[in-house]
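Take the sequence shown: its letter number 24 is residue 24 in UniProt numbering, and every next letter is one higher.
Where a beta carbon is used, it is the ideal one built from N, C-alpha and C, also for glycine.
Notes follow once the structure below has been shown.
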Amino acid sequence: MTKRLYNFNPGPAALPLEVLEEAQATFVDFQGNGISLLEMSHRSRGVEELNHETQQLLLQLLNLPTSEYDVLFMGGGASAQFALLPMNFLHANQTAHYVLTGSFAEKAYKEATYIGQAAIAASSRSQNWSHIPILDEIQLSGNPAYLHLTLNNTIEGSRFNSIPNVGSTPLVADMTSDILSRKLDLQPFSMIYAGAQKNLGPAGVTVAIIRKDWLLQGSKLIPEIMRYETFAKHQSLFNTPPVHAIYMMNLMLKWVLQQGGVAALEQQNAGKAKLIYDVIDNSSGFYTGIIAHKDRSDMNITWRMANEALEKAFIQESLAHGFEGLAGHRSVGGLRASGYNAVPVEACQALAEFMTAFAEQHVS
Ligand code: PLP
Numbered sequence: 001m002t003k004r005l006y007n008f009n010p011g012p013a014a015l016p017l018e019v020l021e022e023a024q025a026t027f028v029d030f031q032g033n034g035i036s037l038l039e040m041s042h043r044s045r046g047v048e049e050l051n052h053e054t055q056q057l058l059l060q061l062l063n064l065p066t067s068e069y070d071v072l073f074m075g076g077g078a079s080a081q082f083a084l085l086p087m088n089f090l091h092a093n094q095t096a097h098y099v100l101t102g103s104f105a106e107k108a109y110k111e112a113t114y115i116g117q118a119a120i121a122a123s124s125r126s127q128n129w130s131h132i133p134i135l136d137e138i139q140l141s142g143n144p145a146y147l148h149l150t151l152n153n154t155i156e157g158s159r160f161n162s163i164p165n166v167g168s169t170p171l172v173a174d175m176t177s178d179i180l181s182r183k184l185d186l187q188p189f190s191m192i193y194a195g196a197q198k199n200l201g202p203a204g205v206t207v208a209i210i211r212k213d214w215l216l217q218g219s220k221l222i223p224e225i226m227r228y229e230t231f232a233k234h235q236s237l238f239n240t241p242p243v244h245a246i247y248m249m250n251l252m253l254k255w256v257l258q259q260g261g262v263a264a265l266e267q268q269n270a271g272k273a274k275l276i277y278d279v280i281d282n283s284s285g286f287y288t289g290i291i292a293h294k295d296r297s298d299m300n301i302t303w304r305m306a307n308e309a310l311e312k313a314f315i316q317e318s319l320a321h322g323f324e325g326l327a328g329h330r331s332v333g334g335l336r337a338s339g340y341n342a343v344p345v346e347a348c349q350a351l352a353e354f355m356t357a358f359a360e361q362h363v364s
């Protein structure tokens with residue numbers, strides 16, 4: 001059997017072995033067609049069905065009604081969504097509002113400033129992103145186009161646990177690093193988007209899930225290829241889609257169903273994260289969590305150690321023990337363990353044991 005590392009990469013992230021093996025088994029001859037999926041026309045019946053099935057599965061797992069939402073498969077990663085969102089939905093005489101909770105939220109905001117009027121509704125930047133601002137009584141000035149939230153902050157390791165009520169203002173969520181990881185009522189959202197490369201499969205496709213009634217309000221002043229409406233009208237087949245990435249997502253979604261759906265994974269993810277947070281919290285300061293307890297993410301667990309030399313030694317030793325991807329993002333340093341859906345409980349147990357042993361060896 002292939003030796004698999006304990007993969008805590010932040011993204012592209014771990015995929016379930018079963019999914020990889022199934023993709024391998026169908027790679028050369030797709031469903032007995034005599035050709036690979038990589039060689040098939042995206043206009044063929046098989047690919048159209050794959051697209052449709054994948055869209056339906058995603059809505060089913062997110063508990064969103066197919067009559068109210070369209071699922072779009074797009075390119076350019078979540079970063080392209082940062083720009084496409086205001087291009088489509090930030091009209092002249094409106095203001096787009098952003099809650100800044102980390103560097104991806106900040107990037108999304110910055111893109112909006114190139115397109116029109118954008119405002120910061122709340123920010124935890126001055127506290128080094130260590131918590132999620134309380135938004136109970138959030139006031140949006142001007143004529144709000146939408147409010148944008150980054151529901152899980154991949155680099156910093158925080159997440160929203162409640163969604164602000166903003167009345168009739170459309171809500172938009174970047175769910176790149178928490179989609180399908182926890183049960184959330186997503187019906188208040190007019191749009192959700194996510195790059196695939198964490199809980200949805202490999203990189204190469206980006207999903208945008210948009211309310212049908214909001215889609216109609218998209219700008220007609222931008223090129224067709226930039227319009228969400230174009231992708232909806234053509235079932236994401238306006239241009240050549242990344243068919244194999246969509247197939248991998250299809251396999252991932254079926255795997256999620258087999259695990260018992262989002263509720264079962266949420267429970268598992270909370271247990272996995274607790275194993276590691278417990279080591280941090282019980283280490284008498286050897287490991288220091290970065291995020292306020294109430295806002296900690298179960299997907300991205302971040303911590304620091306006494307000094308950079310010790311952090312370096314930790315990373316080096318972890319690699320030697322078969323742990324992959326524990327270095328924090330290059331912009332912030334420190335350590336980060338990303339426990340996405342496909343990371344098994346055993347990997348988190350092994351990491352918790354490794355962290356405990358490392359602390360025992362290095363406590364002076
Ligand atoms: N938003 C979040 C929350 C992310 O974690 C990432 C990437 O990790 C992005 C946006 C950017 O995604 P992409 O690399 O697909 O453009």
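Original post:
Should residue 186 and residue 64 be called a contact, given that it needs their Cβ atoms to be closer than 8 Å?
Top reply: The answer is yes: Cβ separation under 8 Å.
**OP:** Return helix, strand or coil for residue 88, following the three-state DSSP convention.
**Re:** Secondary structure of residue 88 (DSSP, three-state): helix.
Subject >> Whole beta strand (DSSP E) elements within the region 268 to 304, 3-residue minimum >> reply: The qualifying runs are 287 to 289.
Subject >> Beta-carbon separation (whole angstroms), residue 22 vs residue 251, contact threshold 8 Å >> reply: Contact holds; Cβ gap of about 6 Å.
Original post:
Roughly how many whole angstroms lie between the Cα atoms of residue 303 and residue 137?
Top reply: CA-to-CA, the gap between residue 303 and residue 137 works out to about 31 Å.
Subject >> Quiz: which residues have CB nearer than 6 Å to the ligand PLP non-hydrogen atoms >> reply: One residue list follows from the rule of a beta carbon closer than 6 Å to any heavy atom of the ligand PLP, given in chain order as 11, 77, 78, 79, 104, 150, 154, 174, 176, 177, 195.
Subject >> Residue span of the beta strand (DSSP E) that contains residue 98, given as start and end >> reply: Start and end: 95 to 100.
Original post:
How many angstroms separate the CA atom of residue 219 from the CA atom of residue 275?
Top reply: Taking the straight line joining both Cα atoms gives about 47 Å.
Original post:
Using DSSP with H/G/I as helix, E/B as strand and the rest coil, what is residue 174?
Top reply: Looking at residue 174 - three-state DSSP - the assignment turns out to be strand.
**OP:** Go to residue 207, then tell me how far its beta strand (DSSP E) extends in each direction, as first and last residue.
**Re:** That run of the beta strand (DSSP E) goes 206 to 211.
Subject >> Candidates 201, 353, 330, 213, of which the one nearest residue 18 by Cα >> reply: For residue 18, the nearest C-alpha among the options comes from 201.
**OP:** Specify the secondary structure class of residue 82 as computed by DSSP and reduced to three states.
**Re:** Of the three classes helix, strand and coil, the one that applies to residue 82 here is helix, per DSSP.
**OP:** Pick helix, strand or coil for residue 182, following the three-state DSSP scheme.
**Re:** Note: residue 182 maps to coil in three-state DSSP.
Original post:
What did DSSP end up calling residue 193 once you bin it into helix, strand or coil?
Top reply: If DSSP states are grouped into helix, strand and coil, residue 193 belongs with the strands.
**OP:** Report yes if the CB atom of residue 69 is closer than 8 Å to the CB atom of residue 212, and no otherwise.
**Re:** Taking 8 Å as the Cβ cut-off, residue 69 and residue 212 qualify as a contacting pair.
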